[in-house]
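**Student:** This is the structure, below, for whatever I ask next.
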Amino acid sequence: MDTLLFALFAGIAILSAVVMIMQRHPVSSALALVGVMGSLAILYLLLGATFIAAAQLIVYAGAIMVLFLFVIMLLNAGAEPKPLRQSFLARALGFPLGIALIAILGFLIQRTVPPDSVVVRFADAKAGSPQDIGRALFTQYLLPFEVTSVLVLIAILGAVVLARKET
Amino acid sequence: MPPAPPAVPLTAYLIVSAILFSLGAIGFVIRKNVITMFMCIELMLNAINLSFVAFSYKHGTVDGHLFTFFVMVVAAAEAAVGLAIILTVYKNRNTLMADDIDSLKL
Amino acid sequence: MNFYLVTMIKLGLVAFVFLTALAYLQWIERKVIAHVQLRVGPNRVGPHGLLQPLTDTIKLLTKEDLLPGHVNKFFYFIAPILSVSCALVGISVIPFGPKINVFGVETYMQLTDLNIGVLVLLAASGLGVYGVALAGWASNNKYSLLGGLRASAQMISYELPLSLAIAIPLLVYNSLSMREIVEAQNRFQFGFIPAWGIFQFPYAPFLFIAFIIFLIGAFAETNRIPFDLPEAENELVAGFHTEYASMKFAAFFMAEYANMVNICCLATHLFLGGWVPLFPAPYSDFVPVALFVASGAMMIFHGLNPRIKMDGYTLPAFGVVFIGLGLAHMAPVLKDILVPLFWFLAKAGFLLFLYIWVRATLPRFRYDQLMDFAWIQMFPASLACLFAVGFIVAWWGL
Numbered sequence: 001m002d003t004l005l006f007a008l009f010a011g012i013a014i015l016s017a018v019v020m021i022m023q024r025h026p027v028s029s030a031l032a033l034v035g036v037m038g039s040l041a042i043l044y045l046l047l048g049a050t051f052i053a054a055a056q057l058i059v060y061a062g063a064i065m066v067l068f069l070f071v072i073m074l075l076n077a078g079a080e081p082k083p084l085r086q087s088f089l090a091r092a093l094g095f096p097l098g099i100a101l102i103a104i105l106g107f108l109i110q111r112t113v114p115p116d117s118v119v120v121r122f123a124d125a126k127a128g129s130p131q132d133i134g135r136a137l138f139t140q141y142l143l144p145f146e147v148t149s150v151l152v153l154i155a156i157l158g159a160v161v162l163a164r165k166e167t
Numbered sequence: 001m002p003p004a005p006p007a008v009p010l011t012a013y014l015i016v017s018a019i020l021f022s023l024g025a026i027g028f029v030i031r032k033n034v035i036t037m038f039m040c041i042e043l044m045l046n047a048i049n050l051s052f053v054a055f056s057y058k059h060g061t062v063d064g065h066l067f068t069f070f071v072m073v074v075a076a077a078e079a080a081v082g083l084a085i086i087l088t089v090y091k092n093r094n095t096l097m098a099d100d101i102d103s104l105k106l
Numbered sequence: 001m002n003f004y005l006v007t008m009i010k011l012g013l014v015a016f017v018f019l020t021a022l023a024y025l026q027w028i029e030r031k032v033i034a035h036v037q038l039r040v041g042p043n044r045v046g047p048h049g050l051l052q053p054l055t056d057t058i059k060l061l062t063k064e065d066l067l068p069g070h071v072n073k074f075f076y077f078i079a080p081i082l083s084v085s086c087a088l089v090g091i092s093v094i095p096f097g098p099k100i101n102v103f104g105v106e107t108y109m110q111l112t113d114l115n116i117g118v119l120v121l122l123a124a125s126g127l128g129v130y131g132v133a134l135a136g137w138a139s140n141n142k143y144s145l146l147g148g149l150r151a152s153a154q155m156i157s158y159e160l161p162l163s164l165a166i167a168i169p170l171l172v173y174n175s176l177s178m179r180e181i182v183e184a185q186n187r188f189q190f191g192f193i194p195a196w197g198i199f200q201f202p203y204a205p206f207l208f209i210a211f212i213i214f215l216i217g218a219f220a221e222t223n224r225i226p227f228d229l230p231e232a233e234n235e236l237v238a239g240f241h242t243e244y245a246s247m248k249f250a251a252f253f254m255a256e257y258a259n260m261v262n263i264c265c266l267a268t269h270l271f272l273g274g275w276v277p278l279f280p281a282p283y284s285d286f287v288p289v290a291l292f293v294a295s296g297a298m299m300i301f302h303g304l305n306p307r308i309k310m311d312g313y314t315l316p317a318f319g320v321v322f323i324g325l326g327l328a329h330m331a332p333v334l335k336d337i338l339v340p341l342f343w344f345l346a347k348a349g350f351l352l353f354l355y356i357w358v359r360a361t362l363p364r365f366r367y368d369q370l371m372d373f374a375w376i377q378m379f380p381a382s383l384a385c386l387f388a389v390g391f392i393v394a395w396w397g398l
């Protein structure tokens, strides 16, 4: 069951990511990214991170991406125009280099984390409930938590200043 | 075809994360729309989050979950400011294509 | 195997009852609004128009499925699906009653009890925005686009006070699991006051304010009057679903009602004590019996009385059914199932009635008023409430 769910949602995530970078229209890209985020939430659940999975859906998919979609719709952004002239070199080299990037990263992972050393089973997950997160957040990670709250405050101020009408 | 393994190795999660990260990086390079480029950054952040959660599972602690949590908060702040900047740029230059936003002075 | 079997049975039961309830909610809404406005409402199809939902469904299913030529096809198709599936997911984490024992099988009256139950509901309602926003955009119509834009801005804005209002009772109950939330309210203070959220000592005043904020936020989140700007008929034709017909339109309609039901159930669990009755145990069992028997008797009396010109067949028949239902609340095995279910449904039903009542009473907000209301009044109010409850929790201990 774990294998099946993992294969299904990892597949959806990668497929949506490919669709996202191949689509010319920003709305299609945004929706594909929502697909990636949704399937990542399922993968988090498989890893036992229930709270993070819910936060992923609420914060990322439910708030940040809605903001993106809102801006795209507000600006009525159309599809990217096809480039007038396309470099042959970029076509010929870009695709293999992209594959190479994935291959290098995969190789590094294979080397540093020996395969089959840890096996993921849903029932074996030790931590990740809201209680665990809350306890760690308000004891061990209290300072970073406060700092991020200041960061969010600054971001709010920045957004307000940027969006305000010039007088 | 070999029989299906009883469970998924942790490496599989990390490789999915690596693939998503690379796709985000590639998308950042090949797309020209500022909003789409911004979304590619979000995709890379998401890929990293998957690694954090996977490592957290390995160690049986919630540290990775908390990093993910902080990344989400920072991403939210970044999206708010970034989209406000994009709106301002669009108001001034009437384009979203990164290639056309090339003059320092209007 | 037993677990799967029980789950499948519960799934079938919940799906059937939920979907039927959605159809009948619409009948109830039309009837209630009609009576508020001194009309009769639907009364042609079946006795008292009771078969109206069935005919509506048949009409929507067999209507021609128009596909406007100027739409973005993929998003046009996927928007109603997204909308309705996000709305229907919510019911799976809502408990309807305590642990019951049916033919020796012990089970909870709930599909799943997640330790993030409340968050799942929040996530489902947050994702519901996509359906509306994409429908507005894909229709390629300026009214629809305006509706979609309004919906996404409104839902992001009102999600803030709504989430804060949800966080306030969570501070008190100390859990995110719906069942544990209800269990935390399942006692009686001073022997007779139920520990429902809005009555719970010493948080009662703040939780009451939070309840009001939650209700207002819920109205906005489900795009209902007085916050139905995304589909304001006299400004935007029909807003985001202008270009939709037949089943795709029905999907949006169903999503709206499903969201209403979900959010009313959530409000019942968070603030009104779920299935915890208003009176301590021995007395609370007689309330449903008395209510059902009394209303059944009244129906029989009105139906058979020749001086009141009501129909003489269906009303007495319903009266007999109601008396039977009332007596079923006293039967030994059924009692444990029906009495908590009655209290839960009574509270959730009252909130749904409130929705309809408000729709029949209040006019629509203006858009700038809507935004000012969310950001200038509700947001600081909910924040202050959260602070107050936080201080009390820290002071009083848990």
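Residue numbers (our numbering), protein chains in the order written: chain A, 1 to 167; chain B, 1 to 106; chain C, 1 to 398. C-beta atoms are modelled at their ideal positions from N, C-alpha and C, and glycine is treated no differently.
Counting only runs that start and end within the region 31-65 of chain C, where is the alpha helix (DSSP H) found for 4 or more residues in a row?
**Tutor:** Fully enclosed alpha helix (DSSP H) runs of 4 or longer: 52-62.
**Student:** Quick one: which chain C residues come within Cβ less than 8 Å of A:MET73?
**Tutor:** Within chain C, the residues near A:MET73 are ALA133, GLY136, TRP137, LEU145, GLY148, LEU149 and SER152.
**Student:** Taking just the CA atoms, how far does C:ALA250 sit from C:HIS70?
**Tutor:** The alpha-carbon atoms of C:HIS70 and C:ALA250 are separated by roughly 21 Å.
**Student:** Confirm, please, whether the CB-CB distance from C:VAL182 to C:GLN200 is below 9 Å.
**Tutor:** Cβ atoms of C:GLN200 and C:VAL182: not closer than 9 Å.
**Student:** Please go through the same chain and pick out, in chain order, the residues whose beta-carbon is closer than 7 Å to the beta-carbon of C:LEU386, but skip the five residues on each side of it.
**Tutor:** Result list for C:LEU386: LEU164, ALA167 and ILE168, in chain order.
**Student:** Which one of A:ILE42, A:THR3 and A:ALA92 has the shortest CA to CA distance from B:ALA7?
**Tutor:** Among A:ILE42, A:THR3 and A:ALA92, the Cα nearest to that of B:ALA7 is on A:THR3.
**Student:** At a Cβ threshold of 9 Å, is C:VAL120 touching chain D?
**Tutor:** Of the chains in the structure shown, none is chain D; the protein chains are A, B and C.
**Student:** When DSSP builds the beta bridges, which residues end up paired with C:GLU106?
**Tutor:** Bridge partners of C:GLU106: C:ASN101.
**Student:** Taking the alpha helix (DSSP H) that C:ASP368 belongs to, which residues open and close that run?
**Tutor:** Unbroken alpha helix (DSSP H) run through C:ASP368: 367-372.
**Student:** Which ranges would you report for the alpha helix (DSSP H) in the region 57-128 of chain A if only whole runs of at least 4 residues count?
**Tutor:** Within the region 57-128 of chain A, the complete alpha helix (DSSP H) runs of at least 4 residues are 65-75 and 88-112.
**Student:** Please confirm whether A:ALA79 and A:HIS25 have their CB atoms less than 9 Å apart.
**Tutor:** Yes, they are a contact pair.
**Student:** May I ask whether a heavy atom of the ligand MG can be found less than 8 Å away from the beta carbon of C:PRO306?
**Tutor:** Absent from the structure shown: the ligand MG. Ligands present: none.
**Student:** Compare the C-beta of A:ALA63 with all C-beta atoms of chain B and state if any pair is closer than 9 Å.
**Tutor:** So, interface residue.
**Student:** If we define contact as Cβ-Cβ less than 9 Å, is B:ARG31 a contact residue for chain A?
**Tutor:** By this cut-off, B:ARG31 is an interface position.
**Student:** List the whole-angstrom C-beta distance separating C:ALA255 from C:GLY128, where the pair is believed to meet the contact cut-off of C-beta under 8 Å.
**Tutor:** That pair is a contact at about 7 Å.
**Student:** To the nearest angstrom, how far is it from the Cα of C:LEU170 to the Cα of C:MET8?
**Tutor:** Between C:LEU170 and C:MET8, the C-alpha separation is close to 31 Å.
**Student:** With DSSP as the reference, label C:PHE188 as helix, strand or coil.
**Tutor:** Of the three classes helix, strand and coil, the one that applies to C:PHE188 here is strand, per DSSP.
**Student:** What number of angstroms, rounded off, separates the C-alpha of A:GLU146 from the C-alpha of B:ALA75?
**Tutor:** In a straight line, the C-alpha of A:GLU146 is about 16 Å away from that of B:ALA75.
**Student:** In the DSSP assignment, what are the bridge partners of A:ILE52?
**Tutor:** Per DSSP, none; premise fails for A:ILE52.
**Student:** Look at the Cβ atom of C:PHE96, then the Cβ atom of C:LEU338, and state whether they are nearer than 9 Å.
**Tutor:** No, they are not a contact pair.
**Student:** The alpha helix (DSSP H) with A:GLN131 in it runs from where to where?
**Tutor:** Run containing A:GLN131: 130-138, per the alpha helix (DSSP H) assignment.
**Student:** Rounded C-beta distance between C:PRO161 and C:ILE213? I'm assuming under 8 Å.
**Tutor:** About 5 Å separates the two Cβ atoms, so the contact holds.
**Student:** I need the boundaries of the alpha helix (DSSP H) containing B:GLY60, first residue and last residue.
**Tutor:** It is not in any alpha helix (DSSP H) - B:GLY60 carries neither H nor E in the DSSP assignment.
**Student:** Which partner residues of C:ILE193 appear in the DSSP bridge assignment?
**Tutor:** According to DSSP, which records beta bridges pairwise, C:ILE193 is partnered with C:GLN189.
**Student:** Against chain A, with Cβ distances strictly below 9 Å, would B:SER22 count as a contact?
**Tutor:** It does; some Cβ of chain A falls within 9 Å.
**Student:** Mind listing the chain A neighbours of C:VAL441? Cutoff is C-beta to C-beta under 8 Å, in chain order.
**Tutor:** There is no way to answer for residue 441 of chain C, as the model of chain C reaches only from 1 to 398.
**Student:** Name the chain C residues whose beta carbon is nearer than 8 Å to that of A:PRO26?
**Tutor:** Neighbours of A:PRO26 on chain C: none; closest Cβ ~11 Å, over 8 Å.
**Student:** Can the beta-carbon of B:ASN49 be found less than 9 Å from the beta-carbon of A:LEU40?
**Tutor:** Yes, the Cβ-Cβ distance between B:ASN49 and A:LEU40 is below 9 Å.
**Student:** Going along the chain, which residues of its own chain have a beta-carbon closer than 6 Å to the beta-carbon of C:ASN259, five neighbours each way excluded?
**Tutor:** So the list reads ALA87 and THR222, once near-sequence residues are dropped.
**Student:** Around the Cβ of C:PRO288, are there at least 16 other Cβ atoms within 10 angstroms (buried) or fewer (exposed)?
**Tutor:** Counting Cβ neighbours within 10 Å, C:PRO288 comes out buried, since at least 16 surround it.
**Student:** Looking at the structure shown, is C:PRO202 part of a helix, part of a strand, or coil, going by DSSP?
**Tutor:** Looking at C:PRO202 - three-state DSSP - the assignment turns out to be coil, as it is neither helix nor strand.
**Student:** Measure from the alpha carbon of C:TRP27 to the alpha carbon of each residue in C:ARG44, C:ILE216 and C:LEU11, then state which is nearest.
**Tutor:** Of C:ARG44, C:ILE216 and C:LEU11, the residue nearest in Cα terms is C:ARG44.
**Student:** What separation, rounded to the nearest whole angstrom, lies between the Cα atoms of C:TYR355 and C:ARG364?
**Tutor:** In a straight line, the C-alpha of C:TYR355 is about 14 Å away from that of C:ARG364.
**Student:** What does DSSP give as the partner residues of B:VAL8 in its beta bridges?
**Tutor:** Paired residues: A:VAL120.
**Student:** Between A:SER129 and chain C, is any beta-carbon pair separated by less than 9 Å?
**Tutor:** Judged by the 9 Å Cβ criterion, A:SER129 is in contact with chain C.
**Student:** Identify, in the order they occur along the chain, each residue of the same chain with its Cβ nearer than 6 Å to the Cβ of C:THR314, setting aside the five sequence neighbours on each side.
**Tutor:** Within the same chain, C:THR314 has close Cβ partners PRO47.
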